[in-house]
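The sequence shown begins at 42 in this note's numbering and counts up one residue at a time.
All C-beta atoms in this analysis are idealised placements derived from N, C-alpha and C, irrespective of residue type, glycine included.
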Amino acid sequence: MKKFFALVLALCMALSLVACGGSSSSDTTTEDTTGDVSTADSVEDAEASIAEDSTASDGELITVGFAQVGHESDWRTASTQSCQDVFTEENGYELVFVDCDNDSATQLEAVRGFIQQEVDYIIIDPIVSTGWDTVLTECEDAGIPVIVIDRTIDDSDKYAAWVGSNFTTEGLAAGEWLNAYTEAKGIEITGILVIEGTTGASATLGRTEGFQQIADAYGWTILDSQDGDFTQDGGQEVMESYCKSYEGQFNVVICQNDNEAFGAMTAMTNAGVSYGVDGDVILISFDACTAGLEYVQAGDINADFECNPLAAPFVAEVIEQLEAGETPETEVYMEEHWFTYDDTVSTFTVDGEEQTVTVVTDEVVEAQY
């Protein structure tokens with residue numbers, strides 16, 4: 042759209058007319074009958090959305106393309122909803138959304154589609170952390186700032202800012218809490234099983250690295266660690282295998298997101314393995330979505346370590362800074378909390394910093410995403 046407005050401006054100057062001001066974005070909002078912004082389900086739909094409305098643009102909206110990982114979890118749904126709530130026409134934005142369905146090739150295609158559409162900003166939640174330098178160079182050459190959220194990109198620095206969580210700290214916190222909890226309860230850890238997230242995702246890498254550091258420090262035995270792909274079905278499938286292969290050998294299960302934990306709970310129930318506060322297996326999860334905290338409150342999950350999905354307001358602040366010609370911080374960490382069933386452990390330390398534990402109540406559940 043930027044080239045479109047440049048052409049109009051040049052034509053106006055050539056005809057000695059009065060030039061009009063405004064941003065380089067176009068109003069390409071696709072609305073339903075209620076006025077809500079509709080989102081594209083594919084790269085083709087996104088391109089069509091821009092093309093259909095380009096002639097009606099008033100040049101006032103900031104166009105944002107968002108290449109989302111997919112819809113594999115409650116956390117992901119909340120992340121998408123956050124962007125859809127913030128980047129609205131009422132707030133001065135047009136959001137072009139692509140659900141990449143956990144397909145890296147689709148995500149790269151989506152970003153290239155945004156470049157062709159000449160959006161003003163691109164948001165990427167990278168499915169994997171590598172393979173990005175070429176397409177980010179293309180964004181840079183096109184003059185389109187990129188903002189990365191949630192997961193990180195490891196093989197390129199050609200983006201304006203990253204907004205998200207410290208996944209390694211989450212893993213460290215889970216490990217230190219487990220140590221404090223088992224000491225307080227007089228429990229000896231006999232064996233740990235880990236259900237990892239998607240292979241290559243920075244959330245998986247960080248949580249795995251952080252927890253492994255603590256396991257090594259305290260001499261714990263991690264019997265196995267397998268990919269559950271951040272899905273409920275994946276968590277159940279891995280846990281079913283674990284229950285058969287490691288029967289009677291484990292008393293701790295670490296799930297790297299809530300949906301995996303839900304699947305693991307089903308598998309352990311079916312296998313006759315008790316878990317949670319009154320069970321034989323300590324169950325730890327990450328994300329702390331509403332459903333996850335409800336299971337913590339019920340005592341089925343012992344502890345849940347939050348990964349805040351509501352990045353959009355922070356991203357909007359970055360865009361406002363860029364619009365004003367300012368340079369934003371390259372890393373923006375969101376506030377997060379650690380949740381447990383009771384106050385057996387009220388505080389613990391991570392790298393010398395005191396961490397506070399939140400006991401889940403009705404009010405805590407109601408306030409969560």
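Q: Using DSSP bridges, identify the partner residues of residue 109.
A: DSSP lists 140 as the bridge partner or partners of residue 109.
Q) I think residue 238 touches residue 298, with their Cβ atoms under 8 Å apart; what is that distance to the nearest whole Å? A) Yes, residue 238 and residue 298 are in contact; Cβ-Cβ is about 6 Å, under 8 Å.
Q: Give the straight-line distance between the Cα atoms of residue 134 and residue 127, rounded to the nearest whole angstrom.
A: C-alpha separation (whole angstroms): 8 Å.
Q. So which of 173, 142, 251 and 177 has the shortest CA-CA distance to residue 156?
A. Shortest Cα-Cα distance from residue 156 to any of 173, 142, 251 and 177 involves 177.
Q | Identity of the residue in 173, 407, 343 and 170 nearest residue 215 by Cα | A | Looking at the Cα atoms, 343 is the closest of the given residues.
Q. How would you write the range of the beta strand (DSSP E) that residue 202 sits in, first residue to last?
A. Its beta strand (DSSP E) spans residues 202-205.
Q.
Restricting to Cα atoms, I'd like to know which of 217, 275 and 222 is closest to residue 253.
A. Ranking 217, 275 and 222 by Cα distance to residue 253 puts 217 first.
Q.
Beta-carbon within less than 6 Å of residue 183's beta-carbon, same chain only, minus the 5 sequence neighbours each way: which residues are those?
A. Excluding residues up to 5 positions away in sequence, 156 lie with their Cβ nearer than 6 Å to the Cβ of residue 183 in the same chain.
Q: Name the residue from 328, 319 and 286 whose alpha carbon lies nearest to the alpha carbon of residue 295.
A: It is 328 whose Cα lies nearest to the Cα of residue 295.
Q: Measure the Cβ-Cβ separation of residue 105 and residue 160 and say whether it is below 9 Å.
A: In this structure, the beta-carbon distance from residue 105 to residue 160 falls below 9 Å.
(Q) Can you tell me whether residue 288 is helix, strand or coil according to DSSP? (A) Note: residue 288 maps to coil in three-state DSSP.
Q. Taking Cβ positions, are residue 300 and residue 271 nearer each other than 9 Å?
A. Against a cut-off of 9 Å, the Cβ pair of residue 271 and residue 300 comes out as a contact.
Q.
Check whether the segment 220-239 and the segment 259-269 touch, using three or more Cβ-Cβ pairs below 8 Å as the test.
A. Contact between the segment 220-239 and the segment 259-269 is present: 3 or more CB-CB pairs across the two stretches fall below 8 Å.
Q. For residue 286, which option in 103, 233, 225 and 250 has the closest C-alpha, if you only look at C-alpha atoms?
A. It is 233 whose Cα lies nearest to the Cα of residue 286.
(Q) Can you give me the C-alpha to C-alpha distance between residue 221 and residue 389, rounded to a whole angstrom? (A) Rounded to whole angstroms, the separation of the alpha carbons of residue 389 and residue 221 is 7 Å.
**Q.** 3 or more residues per run - each beta strand (DSSP E) lying fully within the segment 234-319
**A.** The qualifying runs are 263-268 and 293-296.
Q. Thinking C-alpha only, which one of 219, 246 and 340 is nearest residue 207?
A. Closest option to residue 207, Cα to Cα, is 246.
Q: Kindly list the residues whose CB is nearer than 8 Å to the CB of residue 108, restricted to its own chain and excluding five residues on each side of it in sequence; keep chain order.
A: Excluding sequence positions up to five before and after residue 108, its CB lies within less than 8 Å of the CB of 139, 141, 148, 151, 152, 155, 163, 164, 165 and 166, all in the same chain and listed in chain order.
Q: Helix, strand or coil for residue 114, going by three-state DSSP, please let me know.
A: Residue 114: coil per DSSP, three-state reduction.
Q | Exposed unless 16 or more other CB atoms sit within 10 angstroms - verdict on residue 387 | A | Exposed is the label assigned to residue 387, since fewer than 16 other Cβ atoms lie within 10 Å of its Cβ.
Q: Check residue 165 in the structure and name its three-state DSSP category.
A: Strand.
Q: Would you mind sorting residue 365 into buried or exposed? The rule is 16 or more other CB atoms within 10 Å of its CB.
A: That one is exposed.
Q: Report the partner residues of residue 188 according to the DSSP bridge assignment.
A: The partner list for residue 188 (beta bridge, DSSP) reads 164 and 202.
Q) What's the gap between the Cα of residue 30 and the Cα of residue 209? A) No information on residue 30 is available, as it lies outside the stretch 42 to 410 that the chain covers here.
Q.
Determine whether the beta carbon atoms of residue 194 and residue 171 lie at a separation below 9 Å.
A. Residue 194 places its beta carbon less than 9 Å from that of residue 171.
Q. Which residues in the same chain as residue 223 place their Cβ atom closer than 8 Å to its Cβ, once the five residues preceding and following it in sequence are excluded?
A. Same-chain partners within the cutoff: 229, 230 and 323.
Q) What are the partner residues of residue 395, as DSSP defines its beta bridges? A) 390, per the DSSP bridge assignment.
**Q.** residue 152 (DSSP reduced to helix, strand or coil)
**A.** In the three-state reduction of the DSSP assignment, residue 152 falls in the helix class, which pools H, G and I.
Q.
Using 9 Å as the threshold, is the C-beta distance between residue 204 and residue 187 below it?
A. Against a cut-off of 9 Å, the Cβ pair of residue 187 and residue 204 comes out as no contact.
Q. Given that a residue counts as buried once 16 or more other Cβ atoms are within 10 Å of its Cβ, and exposed if not, what is residue 113?
A. Around the beta carbon of residue 113, a 10 Å sphere encloses 16 or more other beta carbons of the protein chains shown; the residue is thus reported as buried.
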